[in-house]
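Residue numbers (the numbering used here): 31 to 311. We treat Cβ as the ideally placed atom computed from N, Cα and C, and that holds for glycine.
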Amino acid sequence: MLVFGLPQRVIARLPDSLSLSGRTLTQLIPIVWRNYARAGLEPSASAESGTSDGNADADADTTKPQPLKEEDVMDDILDSIKCMDKRLGTLRQLAYTTRSENVTSGVKIAASTATSLWGEAGLFEYKLTIANVDPHRTFQLISRCLTTVDGTGNKHESAEPGILTKNSAIPKQPHLAPGASLKFSCLAPRVFTDYATLHGSFQLIDVESGEFIDAKLAPLGLHLKKLKSNAKKESITGELRPSATLAMRSKGKKAKTLAHRGPHRLRRDNPGSSSVRRRDK
């Protein structure tokens, strides 16, 4: 743990679980020293200069506010450090972008965070593209190993055969000819924070030589705040169903779905409907 620049009395009382470093520690140091000085724990100038006028010092002390005790401020300092340590986990997650791309032995794995309301339920949707950029070899996708880490550090690991898309419950193990690619949408495991990261790898084999390839998925950031802000632009009024979201995404803002039909739309389509007349009353 890097704690250079903090007072020695504070360092001695820090728990070993803290992992403060980098810019976070740089911003924290002046705050700690400011609170530390309030407690009168730093050496005074008069003590270092060795002045002998004790009566003058006593008169000055009576006119100035007395410094706080060490215990009164030390608890606040430690609470601030612990709070900063928790926020550091958030900073680590937010450091990852919502797009990632990596190439391993001729296999390209690209991922991006999708715009969806699934995030409100703790399910993050993301899009994957697995492409064969090797001009001579053909690969077959065998399995996948993915890890989701939420904002509190909890991990969810999954190792499954093939690929499992959002619209299919049966894993697939497709072949990828030179230049071919697979594009599909997936849902990450349920998490209970507004952000998470996804990383892992996909296992493929060369159809001709049998060579095993472990294609890496670069870390991908899943941020609920971004999803919510984009989702509000798609939503009109009321509760928006996932099916309506997908229809709007494919047809644009003019998509006509049952989820968006209001009473005025019913009056146009069925002017003689008795149910509509009851609503008007």
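Check, Outcome
"Distance between F222 and I172 (C-alpha atoms, nearest Å)", "30 Å"
"Residue nearest to V137 in terms of C-alpha spacing, selected from I160, P201 and I193", "I160"
"6 Å CB neighbourhood of S188 in its chain, flanking five on each side removed", "L176"
"S215, DSSP secondary structure in three states", "strand"
"Collapsed DSSP secondary structure at F154 in the structure displayed", "coil"
"Nearest residue (CA-CA) to T134, options V237, F232 and L252", "F232"
"Beta-carbon proximity check, D217 vs L250, cutoff 8 Å", "Checking the sequence shown, residue 217 turns out to be Leu, not Asp. No; because the gap between Cβ atoms is not below 8 Å, this pair is not in contact."
"With 16 other Cβ atoms within 10 Å as the buried cut-off, status of S239", "exposed"
"P165 to G181 span [Cα, whole Å]", "40 Å"
"Same chain, Cβ closer than 6 Å to N132, neighbours up to 5 away in sequence not counted", "I139, K246 and A248"
"Sequence-distant residues of its chain with Cβ nearer than 6 Å to T207 (five each side left out)", "It should be noted that the sequence gives Ala, not Thr, for residue 207. These residues qualify, in order along the chain: T168."
"Which listed residue (N184, Y156, Q170 and E155) has its alpha carbon closest to that of A210", "Q170"
"Close beta carbons around E72, own chain, < 6 Å, minus the five adjacent residues each side", "Bear in mind that the predicted position of E72 carries a pLDDT of just 48, short of 50, making it unreliable; the figure below should be weighed with that in mind. Within the same chain, E72 has no close Cβ partners at all."
"Backbone CA spacing between K185 and L158 [nearest angstrom]", "21 Å"
"Cα-Cα separation between P204 and Y126, rounded to whole angstroms", "30 Å"
"Close beta carbons around K213, own chain, < 6 Å, minus the five adjacent residues each side", "T159"
"Nearest to L153 (by Cα), restricted to the options T178, P219, G230 and D224", "P219"
"Among D244, A226 and Y225, nearest to L234 - alpha-carbon criterion", "D244"
"Three-way DSSP call (helix, strand, coil) for S239 in this model", "coil"
"Local Cβ density within 10 Å of E155, reported as buried at 16 or more and exposed below that", "buried"
"Opening and closing residue of the beta strand (DSSP E) in which V137 lies", "V137 to T143"
"Endpoints, beta strand (DSSP E) assigned at D164", "Careful: D164 lies outside any beta strand (DSSP E) and carries neither H nor E."
"Close Cβ partners of F242 (< 6 Å) along its chain, the five nearest in sequence each way excluded", "I235"
"Between the CA atoms of T178 and D224 - distance to the nearest angstrom", "13 Å"
"Alpha carbon of V163 to alpha carbon of G183, nearest angstrom", "35 Å"
"Residues near P201 by beta carbon distance below 8 Å, same chain, minus five either side", "E190, P191, G192, I193 and L194"
"Limits of the unbroken beta strand (DSSP E) element including A189", "K185 to P191"
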